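Here the structure comes first, spelled out in structure tokens, and everything after it is commentary.
Protein chains: 2
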Amino acid sequence: MGKENQFVSQIADIESDFPQWYSDVVLKTKLVDYGPVKGTMVIRPYGYAIWENIQREFNARFRENEYENAYFPLLIPMSFMTKEAEHVEGFAPEVAVVTHAGGEKLAEPLCIRPTSETIIGKMYGNWIESWRDLPLRMNQWANVMRWEKTTRPFLRTSEFLWQEGHSVFASAEEAEAETQKMLAVYEEFSKNVLAMPVLTGKKTEKEKFAGAVATYGMEAMMHDGKSLQSGTSHYLGQNFSKAFDIKFTDKDGVQKYGYTMSFGVSTRLIGALIMTHGDSRGLVMPPVVAPVQAVIIPIAAKKEGVLDACRALKQSLTESGLRVVLDDSENSPGWKFNEWEMKGVPLRIELGPRDLEAGKMLCARRDNFEKSEILLDGAAESVKALLKEISENMYRKAKERMDSRIVNAETLDGLLEGVNTGNFVRAGWCGCRACEDKVKEFAQATSRVMDKTNSVKKCVVCGKESVHTVFFARAY
Amino acid sequence: MGKENQFVSQIADIESDFPQWYSDVVLKTKLVDYGPVKGTMVIRPYGYAIWENIQREFNARFRENEYENAYFPLLIPMSFMTKEAEHVEGFAPEVAVVTHAGGEKLAEPLCIRPTSETIIGKMYGNWIESWRDLPLRMNQWANVMRWEKTTRPFLRTSEFLWQEGHSVFASAEEAEAETQKMLAVYEEFSKNVLAMPVLTGKKTEKEKFAGAVATYGMEAMMHDGKSLQSGTSHYLGQNFSKAFDIKFTDKDGVQKYGYTMSFGVSTRLIGALIMTHGDSRGLVMPPVVAPVQAVIIPIAAKKEGVLDACRALKQSLTESGLRVVLDDSENSPGWKFNEWEMKGVPLRIELGPRDLEAGKMLCARRDNFEKSEILLDGAAESVKALLKEISENMYRKAKERMDSRIVNAETLDGLLEGVNTGNFVRAGWCGCRACEDKVKEFAQATSRVMDKTNSVKKCVVCGKESVHTVFFARAY
Chain A
106 MGKENQFVSQ IADIESDFPQ WYSDVVLKTK LVDYGPVKGT MVIRPYGYAI
156 WENIQREFNA RFRENEYENA YFPLLIPMSF MTKEAEHVEG FAPEVAVVTH
206 AGGEKLAEPL CIRPTSETII GKMYGNWIES WRDLPLRMNQ WANVMRWEKT
256 TRPFLRTSEF LWQEGHSVFA SAEEAEAETQ KMLAVYEEFS KNVLAMPVLT
306 GKKTEKEKFA GAVATYGMEA MMHDGKSLQS GTSHYLGQNF SKAFDIKFTD
356 KDGVQKYGYT MSFGVSTRLI GALIMTHGDS RGLVMPPVVA PVQAVIIPIA
406 AKKEGVLDAC RALKQSLTES GLRVVLDDSE NSPGWKFNEW EMKGVPLRIE
456 LGPRDLEAGK MLCARRDNFE KSEILLDGAA ESVKALLKEI SENMYRKAKE
506 RMDSRIVNAE TLDGLLEGVN TGNFVRAGWC GCRACEDKVK EFAQATSRVM
556 DKTNSVKKCV VCGKESVHTV FFARAY
Chain B
106 MGKENQFVSQ IADIESDFPQ WYSDVVLKTK LVDYGPVKGT MVIRPYGYAI
156 WENIQREFNA RFRENEYENA YFPLLIPMSF MTKEAEHVEG FAPEVAVVTH
206 AGGEKLAEPL CIRPTSETII GKMYGNWIES WRDLPLRMNQ WANVMRWEKT
256 TRPFLRTSEF LWQEGHSVFA SAEEAEAETQ KMLAVYEEFS KNVLAMPVLT
306 GKKTEKEKFA GAVATYGMEA MMHDGKSLQS GTSHYLGQNF SKAFDIKFTD
356 KDGVQKYGYT MSFGVSTRLI GALIMTHGDS RGLVMPPVVA PVQAVIIPIA
406 AKKEGVLDAC RALKQSLTES GLRVVLDDSE NSPGWKFNEW EMKGVPLRIE
456 LGPRDLEAGK MLCARRDNFE KSEILLDGAA ESVKALLKEI SENMYRKAKE
506 RMDSRIVNAE TLDGLLEGVN TGNFVRAGWC GCRACEDKVK EFAQATSRVM
556 DKTNSVKKCV VCGKESVHTV FFARAY
């Protein structure tokens, strides 16, 4: 096996052992490491840079939608959790509890936030007085903790980073509309930033957020055909405003409870983009969030002028706002090609004496391995155009793949066959919990989201009239 | 009392009741609120925007100094804390402890990080193999928790936000040099970003970080003459590398322990800038971190063209990268003047029919209340120049004030008199702990930092030969 294969050989085969492929790439590309406490992760610089890019892109979108960032405390009194009955039932089994602090036993145990509806609700209750204070919209970037039995870096960890948006409105209609609007922001973000197609829709009662009236989710299809819930938006009605006394004096002088909603995405998005785009050679980074968008590799680096030209190119690309690395290490070009391919850098630029003479550089795309010669003159604009094309092609490819893997089923056997062969299965559902549970038991698949229209006539389980058309899938 | 005084009257007098003035301004300007759990704070959007600006400015500086951001877990096994004897002694009394999670009692209690030398040291020990991996530099933005008896928003809260930088070097000299270098970055930041003068220097053994070989600090003088420790940089020697097995194979093939250092600043910086620059009317925001750099107030807003001109001005200033608010609310101009003054906005822009006719706008500075007319043509550049001047003037004013309030003392009585009248006191010290304790007992003052040169001959307590010249002060 040639030297250039030494990296590829370190990664498990993506088709035959996808879980091992995932562990291999996230560890070997230094995105992440396991933390000392079971279920925790350390986000290393190459992974954290993706998160910072995600944050920047979301902050711009949140600002446009009139969200302001704020920060609420990590520790929530246990008594807050119990104020909303469904909420505590859903989250109590997962919370981490602080019982001692400052050398003493606490009078009331405190839980580390698994989500912040309760503590933010409490503050909103203090702050809001009149209809003039509404709508109120805030977003928080924070760490949260949910104690999980089975964990995997980015996908499910006891501590993770996320954003949670929380809003209050005077009417149910406004709060419901905001729930849809922020789901649409997530969908647009997935497409244009992560190059990731998603299915969006309402969740069933069984799958909704604990304490919500309705949860809307977006689901992405991973390389193995399993689904990953990648973001949720919840309409909370008056459940939390009644629990935390979020009242306002309306224009008519009457005190009323507000209507709230919340929405969140987490570091899980990093897992989602890895498992959507990755291939047998490793990561394939969406250009908008790639920590390194282009790597410059000198060819015959010792030849006069080559390194200087590479440095000048790096500078001019960097000054135009691109994230660029010049790999001037001692390793061979072939070794470098493989390393940066595994790290998923969208564009590799090769520059050698002959290129220089011709005033060109060679660009190799990570998404489809196509190579093209580009003039050094005006390189920044050409590279930007190429990165845009890469992002669009990655989306198109993933979308075609997802679309081709959505199948219909009219029987449980058909549903099982569908998920067994790595598909999302569209099927009718009568709306009862027993039939939903039956799908889980029979096919180890869960309802991901409900389709916007009910196009299928009969329930895939009981054969009664279908109330919803549901996308079923195995899920992370 | 006129309408325009209604806000001013809500704030306690800054000279006679500084602690109450502080509480009043931080709450009434909606920078912060008290959290439900004692000692915690909620950072509201107006306060959090300052923190985001601080982060942006630091990130640029850290990148220049080759730091990469990463994220390490919140929970640290108790056994890690005990590996460095001084470290656990210093922090154990302040930690919050998680004893239960996921509905079960944990086998080993976990503490919420009060600082991350231990867990980062553990990971560095896993990652570093050879001299090629050094130096290793990372920075983390995170929440930390130290259970404190007496708390005040921003200044001392059980949970706070901070950055912590952690580096490993092959030699003591490099690690010591880095400790100084990052202290210098802090000092430059304080000056150019917060317009805040500081004293920097080495801390005494008594005041150093638990586990450090040496701590260097920067101290800022608050309005009442008390000192606020605003940032620290620690040389850790091999204390943590021995505790966490941070070893590397050197060029000579021999395994050696690395030398580490760390440095941190926190949301306390927000308290520092408030108490450095604030005046009887409220906040005075340093322009570089001000959430709102200029507020536009329409005069005779109903006259034709005024509001349109204000909107156009806002747009052109915003597009040039300035943070601008247009206050087109129903309130009177006088009411608005006071509100935005209390919020400390550096520049107030008034625009009315006569200004429009003359092609000018009226600019009123928050720092010295000077007014000037500025051409609407090229307004963005003029406003930027003015903001720069405001920042420099705020620094100059604060520096003159601090310099004029540093006095020398040769006796304990002189030292007491000095701190009683709101000064930092420069005095000789023999270097023994007993004399340092005596100053605390007699004058309720502590050693803040040691002067770079030992210019005073005798210890202010015992009269023996002075080993260090020390700045003593009352401190937050």
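Residue numbers (this note's numbering), protein chains in the order written: chain A, 106 to 581; chain B, 106 to 581. In this text, a Cβ means the ideal position worked out from N, Cα and C, and glycines have one as well. Only a predicted model underlies this, so the values are computations on that prediction, with no experimental measurement involved.
- Name the residue from A:LEU136, A:GLU157, A:VAL554, A:TYR291 whose alpha carbon lies nearest to the alpha carbon of A:ARG166. By one-based count along the first sequence, residue 166 of chain A stands at place 61. Among A:LEU136, A:GLU157, A:VAL554, A:TYR291, the Cα nearest to that of A:ARG166 belongs to A:TYR291.
- Query: Residue range of the alpha helix (DSSP H) that A:ASP542 falls in?
  - Reply: For the purposes of this step, residue 542 of chain A is identified with residue 437 of the first sequence, where counting begins at 1. It spans 538 to 548 - the alpha helix (DSSP H) in which A:ASP542 sits, taken as one unbroken run.
- Item | Secondary structure of A:GLN360, DSSP reduced to three states | Sequence index remark: in the first sequence, residue 360 of chain A carries index 255 (1-based). Strand.
- Task: Leaving aside the five residues before and after B:ALA277 along the sequence, list all residues of the same chain whose C-beta is less than 6 Å from its C-beta, in chain order.
- Result: Taking the second sequence and counting its residues from 1, the one referred to as residue 277 of chain B is at position 172. Cβ within range, chain order: TYR364.
- Message: Which residues in chain A have a C-beta closer than 9 Å to the C-beta of B:GLU199? List them in chain order.
- Response: For the purposes of this step, residue 199 of chain B is taken as residue 94 along the second sequence, with counting starting at 1. Chain A residues near B:GLU199: ALA206, GLY207, GLY208.
- In chain order, what residues of the same chain have a beta carbon less than 7 Å from the beta carbon of B:GLY410, not counting five sequence neighbours either side? Working through the second sequence from its first residue, we reach residue 410 of chain B at position 305. Once the five neighbours on either side are set aside, the close Cβ partners of B:GLY410 are LEU461.
- Rounded C-beta distance between B:MET466 and B:GLU455? I'm assuming under 8 Å. What you label residue 466 of chain B is simply residue 361 of the second sequence in a count that begins at 1. What you label residue 455 of chain B is simply residue 350 of the second sequence in a count that begins at 1. At roughly 7 Å, the Cβ-Cβ gap stays under 8 Å, so B:MET466 and B:GLU455 are in contact.
- Give the DSSP-derived three-state secondary structure of B:HIS192 in the structure shown. Counting from one through the second sequence, the residue named residue 192 of chain B turns up at place 87. Reduced to three states, the DSSP call for B:HIS192 is helix.
- Message: Can you look up B:ASN278 in the DSSP assignment and give me helix, strand or coil?
- Response: Translated into the one-based positions of the second sequence, residue 278 of chain B becomes position 173. The sequence shown places Glu at residue 278 of chain B, rather than the Asn named in the question. DSSP places B:GLU278 in helix when its eight states are reduced to three.
- Does DSSP put A:TYR321 in a helix, a strand or coil? Here residue 321 of chain A is taken as the residue at index 216 of the first sequence, counted from 1. Correct three-state label for A:TYR321: strand.
- Using a threshold of 8 Å, state whether the C-beta atoms of A:GLY306 and A:ASP542 are closer than that. Translated into positions along the first sequence, residue 306 of chain A becomes position 201. Translated into positions along the first sequence, residue 542 of chain A becomes position 437. Not a contact, by the Cβ cut-off of 8 Å.
- Item | Same chain only: Cβ atoms within 6 Å of B:GLY107, ignoring 5 sequence neighbours per side | Position 2 of the second sequence, counted from the start, is the residue given in the question as residue 107 of chain B. Here the model assigns B:GLY107 a pLDDT of 39, short of 50, so the residue's position is not dependable and the matter cannot be decided.
- Work out the CA separation of A:GLU486 and A:VAL397 for me, nearest whole Å. For the purposes of this step, residue 397 of chain A is taken as residue 292 along the first sequence, with counting starting at 1. For the purposes of this step, residue 486 of chain A is taken as residue 381 along the first sequence, with counting starting at 1. Those two C-alpha atoms are separated by around 17 Å.
- Tell me whether A:THR337 is buried or exposed, calling it buried when 16 or more other Cβ atoms sit within 10 Å of its Cβ. Looking up residue 337 of chain A in the first sequence gives position 232. Per the 10 Å Cβ criterion, buried.
- Of the choices B:TRP232, B:PHE163, B:ILE401, B:LYS286, whose alpha-carbon is the least far from that of B:GLN245? The residue given as residue 245 of chain B occupies position 140 in the second sequence. Nearest C-alpha to B:GLN245: B:PHE163.
- Complete runs of the beta strand (DSSP E) confined to the region 163 to 215 of chain A [at least 3 residues]: 180 to 182, 201 to 206
- Message: Strictly by DSSP, which residues pair up with B:SER534?
- Response: Here residue 534 of chain B is taken as the residue at index 429 of the second sequence, counted from 1. Per the sequence shown, residue 534 of chain B should be read as Trp rather than Ser. The partner list for B:TRP534 (beta bridge, DSSP) reads B:HIS573.
- Query: Roughly how many angstroms lie between the CA atoms of A:LYS545 and A:THR551, to the nearest whole one?
  - Reply: The count along the first sequence starts at 1 and reaches residue 545 of chain A at position 440. The count along the first sequence starts at 1 and reaches residue 551 of chain A at position 446. For A:LYS545 and A:THR551, the distance between alpha carbons rounds to 6 Å.
- Message: What would DSSP say about B:ASP384, mapped onto helix, strand or coil?
- Response: Walking along the second sequence from the start, residue 384 of chain B turns up at place 279. Note: B:ASP384 maps to strand in three-state DSSP.
- Using the C-alpha atoms, what's the distance from A:LEU491 back to A:ARG218? Mapped onto the first sequence, residue 218 of chain A falls at position 113. Mapped onto the first sequence, residue 491 of chain A falls at position 386. Going by the C-alpha atoms only, they are around 42 Å apart.
- Buried versus exposed, by CB contacts within 10 Å (16 or more), B:VAL130: Numbered from 1 along the second sequence, position 25 holds the residue referred to as residue 130 of chain B. B:VAL130 comes out buried.
- is_contact[A:ASN248, chain E] using C-beta, thresh 8 Å: The displayed structure is made up of protein chains A and B, and chain E is not among them.
- Flag this pair as yes or no: are the beta carbons of A:SER367 and A:GLU522 separated by less than 8 Å? Residue 367 of chain A sits at position 262 when you count from the first residue of the first sequence. Residue 522 of chain A sits at position 417 when you count from the first residue of the first sequence. Their beta carbons are not under 8 Å apart, which means A:SER367 does not touch A:GLU522 by this criterion.
- Message: Just verifying my parser: in three-state terms, what is the DSSP assignment at A:ASN158?
- Response: Working through the first sequence from its first residue, we reach residue 158 of chain A at position 53. It is helical.
- Message: Starting from A:ARG501, trace the alpha helix (DSSP H) in both directions and tell me its first and last residue.
- Response: Indexing the first sequence from 1 puts residue 501 of chain A at position 396. Per DSSP, A:ARG501 belongs to the alpha helix (DSSP H) from 484 to 509.
- Task: Report yes if the C-beta distance between B:ALA280 and B:TYR229 is below 8 Å; otherwise report no.
- Result: Taking the first residue of the second sequence as 1, we reach residue 280 of chain B at position 175. Taking the first residue of the second sequence as 1, we reach residue 229 of chain B at position 124. In this structure, B:TYR229 does not lie closer than 8 Å to B:ALA280 by Cβ.
- Query: Is A:ALA395 helix, strand or coil by DSSP?
  - Reply: For the purposes of this step, residue 395 of chain A is taken as residue 290 along the first sequence, with counting starting at 1. A:ALA395 falls in the coil class under three-state DSSP.
- Message: Please tell me whether A:GLU169 has its Cβ less than 8 Å away from any Cβ of chain B.
- Response: Within the first sequence, numbered from 1, the residue matching residue 169 of chain A stands at position 64. Taking Cβ atoms only, chain B never reaches closer than 8 Å to A:GLU169, which makes this a no.
- Query: Based on the DSSP secondary-structure assignment, which residues constitute the bridge partners of A:LEU456?
  - Reply: As a first step, residue 456 of chain A must be located in the first sequence, where it is residue number 351. In DSSP, A:LEU456 forms a bridge with A:PRO403.
- Query: Can you name the residues of chain B whose CB is closer than 8 Å to the CB of A:ILE224?
  - Reply: Stepping through the first sequence from its first residue, residue 224 of chain A is reached at position 119. Within 8 Å Cβ-Cβ: GLY140, PRO141.
- So, does the CB of A:TRP252 fall closer than 8 Å to a CB anywhere in chain B? Residue 252 of chain A sits at position 147 when you count from the first residue of the first sequence. By this cut-off, A:TRP252 is an interface position.
- Task: Could you tell me whether the Cβ of B:LEU180 comes closer than 8 Å to any Cβ of chain A?
- Result: Translated into positions along the second sequence, residue 180 of chain B becomes position 75. Closer than 8 Å to some Cβ of chain A, the Cβ of B:LEU180 qualifies, so yes.
- Same chain only: Cβ atoms within 8 Å of B:GLN160, ignoring 5 sequence neighbours per side: Taking the first residue of the second sequence as 1, we reach residue 160 of chain B at position 55. For B:GLN160, where only same-chain residues beyond five positions count, the Cβ hits under 8 Å are TRP246, GLN268.
- B:MET250: first and last residue of the uninterrupted beta strand (DSSP E) it sits in: Against the second sequence, residue 250 of chain B aligns to sequence position 145. 241 to 250 is the span of the beta strand (DSSP E), which, as asked, contains B:MET250.
- Task: Go ahead and label A:ALA175 buried or exposed: buried means 16 or more other beta carbons lie within 10 angstroms of its beta carbon, across all protein chains shown.
- Result: To locate residue 175 of chain A, count along the first sequence from 1; it is residue 70. Its Cβ being crowded by 16 or more others within 10 Å, A:ALA175 is buried.
- 8 Å Cβ cutoff, A:TYR176 in contact with chain B: Numbered from 1 along the first sequence, position 71 holds the residue referred to as residue 176 of chain A. Closer than 8 Å to some Cβ of chain B, the Cβ of A:TYR176 qualifies, so yes.
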